[in-house]
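Right, one structure below, let's go through it.
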Amino acid sequence: MKSQNLPKLCLFILLSLLISQGCKPKGDTIRIATKPVTEQFILGEMLRLLIEENTDLSVKITKGIGGGTSNIHPAMLEGEFDLYPEYTGTGWLVVLKKDTLLPADKLYEKLCREYRQKYHLVWTPPYGFNNTYSLAINQEKAKEYGLKTFSDLARFPGQFTFGAEYDFFEIHKGYKELCQYYNLKFKKTRDIDIGLKYEAIKSGKVDVMTIFTTDGQLADANLVVLEDDKHFFPAYYCATVVREETLEKYPELKKILHKMSNICTDQEMAKLNYQVDMEGIPERTVAKNFLNKKGLLASTDE
Numbered sequence: 021m022k023s024q025n026l027p028k029l030c031l032f033i034l035l036s037l038l039i040s041q042g043c044k045p046k047g048d049t050i051r052i053a054t055k056p057v058t059e060q061f062i063l064g065e066m067l068r069l070l071i072e073e074n075t076d077l078s079v080k081i082t083k084g085i086g087g088g089t090s091n092i093h094p095a096m097l098e099g100e101f102d103l104y105p106e107y108t109g110t111g112w113l114v115v116l117k118k119d120t121l122l123p124a125d126k127l128y129e130k131l132c133r134e135y136r137q138k139y140h141l142v143w144t145p146p147y148g149f150n151n152t153y154s155l156a157i158n159q160e161k162a163k164e165y166g167l168k169t170f171s172d173l174a175r176f177p178g179q180f181t182f183g184a185e186y187d188f189f190e191i192h193k194g195y196k197e198l199c200q201y202y203n204l205k206f207k208k209t210r211d212i213d214i215g216l217k218y219e220a221i222k223s224g225k226v227d228v229m230t231i232f233t234t235d236g237q238l239a240d241a242n243l244v245v246l247e248d249d250k251h252f253f254p255a256y257y258c259a260t261v262v263r264e265e266t267l268e269k270y271p272e273l274k275k276i277l278h279k280m281s282n283i284c285t286d287q288e289m290a291k292l293n294y295q296v297d298m299e300g301i302p303e304r305t306v307a308k309n310f311l312n313k314k315g316l317l318a319s320t321d322e
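Residue numbers (my numbering): 21 to 322.
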């Protein structure tokens, strides 16, 4: 009799386990979104590594969402994602639709307050790097003319050829406004493809060009990034935006996400992007090596 009931008992236990597994709350998986750029892929992997090592939570990354903020932000509000890396300038100008810029510290403070009040979204402390527009010039020319800032360029009207992608000549707060703001006058301008800018300045087709301050190619380009000394371009400090509901459900996440606070300079982020874009190292490997270097991971195994 006992032997006849044994298979039924085993089946009952198996079904009970399957049912219990199926009833786990969806929140056991943290859903991360990233924009379609290399540095976002790296940051997404950093967040995954930190969360999975320090909690029992699993992480699912939806990589490279087209449209970036315009699609990720509404999805966050709908609860499709729990968190994602975002830039302060984008949050301020695109999401909150502000047209008046503030100093970086005041902007971040107000950004945090309005995001929480309007959207129940929380900004963590920034990672440290500021991926904004800047201007770069060949090291030899910078040394020859003593160029360190945007204002220095104004001392040499008609001396340099300026290059940028098409969009920069068309956007608000682009080429025209930059020249008016700093009283810049260039010898001529060139519209160049974003993927060919570094080759254009290397070959001498342009002398000064727009860059993003964490461009991977900056790490090996023999360029001087000039200081935006009168703060024309807004700050684009990167940080994690997370749903308030997610933090309430998993309060341990707050301490983990704060581990990313101020861990990465512009130069370091540029090097990480370079490793992926130019050296072909997988994003997860680059992220893991960097976190290990910063002492933020206990495990060093792949």
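Beta carbons are placed, not taken as given, at the ideal position from N, Cα and C, and that holds for glycine.
- In the three-state scheme derived from DSSP, where H, G and I count as helix and E and B as strand, S281 is classed as coil.
- The segment 55-108 is shown to contain whole beta strand (DSSP E) runs of 3 or more residues at 78-82 and 103-107, in chain order.
- The C-beta of Q295 has 16 or more other C-beta atoms within 10 Å across all chains shown, which makes the residue buried.
- In the structure shown, A124 falls within a helical segment according to DSSP collapsed to helix, strand and coil.
- If you ignore the 5 residues before and after G109, its C-beta comes within less than 7 Å of the C-beta of T152, P254, A255 and Y256, all in its own chain and listed in chain order.
- The Cβ neighbour count for A318, taken over all protein chains shown within 10 Å, is under 16; the residue is labelled exposed.
- A distance below 7 Å between beta-carbons, with the five flanking residues on each side excluded, links I283 to the following residues of its chain, in chain order: Y147, G148 and K314.
- Note that the C-beta distance between T209 and F180 is not below 8 Å.
- The closest CA to that of L267, considering only E160, K291, H140 and C199, is found on H140.
- Closest in C-alpha terms to D297, from the list T49, K275, Q60 and G224, comes Q60.
- Collapsing the DSSP output to three states places R175 in coil.
- DSSP, read as helix, strand or coil, puts E299 in coil.
- Under the three-state reduction of DSSP output, Y153 falls in the strand class.
- The Cβ-Cβ distance between L316 and L70 falls below 8 Å.
- Note that the C-beta distance between V306 and I62 is below 8 Å.
- Put simply, of L204, T144 and E72 the residue whose alpha carbon is nearest the alpha carbon of L103 is T144.
- In this structure, DSSP gives F232 an extended state, which the three-state scheme calls strand.
- Here Y186 is exposed. Its C-beta has fewer than 16 other C-beta atoms within 10 Å.
- Shortest Cα-Cα distance from T75 to any of L127, K274, I92 and K126 involves K274.
- In the three-state scheme derived from DSSP, where H, G and I count as helix and E and B as strand, A255 is classed as coil.
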